[in-house]
Amino acid sequence: MLAEYTGAVVILAVALVLASALLGIHLLVGPRRSFAEKDEPFECGERPIVSPHQRFSVKFYIVAMLFILFDVEAVFMYPWGALFTELGWFGFVEMLTFVAVLAGGLAYVWMKGALEW
Amino acid sequence: MSAPAVFFYLFGAAAVVSALAMVLNVRNTVAAAMSLVVTMISLAVVYVTLEAHLVAALQILVYAGAIVVVFLFVVMLLNLRRDTFAPSRQLLTKGAGVVLALGVAGAFLQLVPQALPTVQEIPPDFGSYAAVGRTLYRDFVLPFEVTSFLLLAAIVGAVVLAKRRLD
Chain A
5 MLAEYTGAVV ILAVALVLAS ALLGIHLLVG PRRSFAEKDE PFECGERPIV SPHQRFSVKF
65 YIVAMLFILF DVEAVFMYPW GALFTELGWF GFVEMLTFVA VLAGGLAYVW MKGALEW
Chain B
2 MSAPAVFFYL FGAAAVVSAL AMVLNVRNTV AAAMSLVVTM ISLAVVYVTL EAHLVAALQI
62 LVYAGAIVVV FLFVVMLLNL RRDTFAPSRQ LLTKGAGVVL ALGVAGAFLQ LVPQALPTVQ
122 EIPPDFGSYA AVGRTLYRDF VLPFEVTSFL LLAAIVGAVV LAKRRLD
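As structure tokens, this is what we get:
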């Protein structure tokens, strides 16, 4: 079973070599000249007026939290989908109940207007 | 040493190192969160070597993906400045952390030798999505359905917490 992960190991190795080569070549070959303008934050050639460290709207928090919760809901569907024929109608009704409860949650979120920006 | 054992120790060490890098990085919270991604992915590899395939996939899907995204959002929302994390302000948290870590380590040292089971032959499909699915959807139907209410409570909680500010 572990032999199936050979592809993942190859990708990992390629990514490691590529990333370290790009950074390494840059360190070896690239000139390093530092001056004041270079250390300034770049903003499309404009002089930055305000600090980029600003508070973000709480809407981002709602989007992130709802994403994580419905992501967890989706997680339960992966093994269920793989066993769909084996579980039969019992599994179908079981998942329908599960989704129905969370659909109530979705309806609540929608009614509250939390999905609107 | 077999190949899975090599990967187990290699990525186990990577998980410990990146976890330390996360905890010890007091200057840059975003970089600390990125170290957490490395920890999560190393743990996923450790799970693979332990033949827990579904858990490994979920580790990357949920933890390295969703949870770290939420961490980054929290970093942005709180907008902590450098002096909030200044070493002088960390005495209490660091002290509490050391006490807690020692307590957990002590409990581990006491409990783990007793709890270690004798090595048993694991079934060939152990940890696969099919084996986990059969257990979850056949033997643990009620806990599975109750999970939906747990998620529902979390959804409502998230909206109630944030909507007060929105309206």
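Protein chains in written order, with our numbering: chain A, 5 to 121; chain B, 2 to 168.
Even glycine gets a Cβ: it sits at the ideal position worked out from N, Cα and C.
All of these numbers come straight from a predicted model, not from anything done at the bench.
Next on the checklist: With H, G and I counted as helix, E and B as strand and the rest as coil, what does DSSP make of A/E138?
Outcome noted: Outside the shown range of chain A, which is 5 to 121, sits residue 138 of chain A, and nothing can be said about it.
Checklist entry - Since B/R135 is in the alpha helix (DSSP H), which residue starts that stretch and which ends it? => result Translated into positions along the second sequence, residue 135 of chain B becomes position 134. Start and end: 130-135.
Checklist entry - Are three or more beta carbon pairs between the segment 5-14 of chain B and the segment 30-50 of chain B nearer than 8 Å? => result yes
Next on the checklist: Against chain B, which members of the segment 60-73 of chain A pass a CB distance test of less than 9 Å?
Outcome noted: F60, S61, V62, K63, F64, Y65, I66, V67, A68, M69, L70, F71, I72, L73
Item to check | Proximal chain B residues relative to A/T101, where beta-carbon distance stays under 7 Å | outcome: Mapped onto the first sequence, residue 101 of chain A falls at position 97. Simply E146.
Item to check | Inter-residue Cα distance where the pair is B/A159 and B/V69 | outcome: Looking up residue 159 of chain B in the second sequence gives position 158. Looking up residue 69 of chain B in the second sequence gives position 68. One C-alpha to the other measures close to 17 Å.
Next on the checklist: Which residue marks the beginning of the alpha helix (DSSP H) containing B/V49, and which one marks its end?
Outcome noted: Locating residue 49 of chain B in the second sequence gives position 48, where the first residue counts as 1. Note, B/V49: alpha helix (DSSP H), 30-50.
Checklist entry - Any residues in the segment 37-56 of chain A with a beta carbon nearer than 9 Å to a beta carbon of chain B? Which ones, in chain order? => result none
Next on the checklist: Give me the chain B residues within the contact set of A/V76, using Cβ-Cβ distance strictly less than 7 Å, ordered along the chain.
Outcome noted: As a position in the first sequence, residue 76 of chain A is number 72, starting the count at 1. Those are V63, L152, listed as they occur along chain B.
Next on the checklist: Tell me the rounded alpha-carbon separation between A/G66 and B/P118.
Outcome noted: The residue you call residue 66 of chain A lines up with position 62 of the first sequence. The residue you call residue 118 of chain B lines up with position 117 of the second sequence. In the sequence as presented, Gly is not what sits at residue 66 of chain A; that position holds Ile. Computed Cα separation, rounded: 43 Å.
Next on the checklist: So B/G134 contacts chain A; which residues on that side make the cut at Cβ distance below 7 Å?
Outcome noted: The sequence position of residue 134 of chain B within the second sequence is 133, counting from 1. Those are P83, W84, A86, L87, listed as they occur along chain A.
Checklist entry - Going by alpha carbons, who is nearest to A/G85 out of A/I53, A/L20, A/M99? => result In the first sequence, counting from the first residue as 1, residue 85 of chain A sits at position 81. Of the candidates A/I53, A/L20, A/M99, the one whose C-alpha sits nearest the C-alpha of A/G85 is A/M99.
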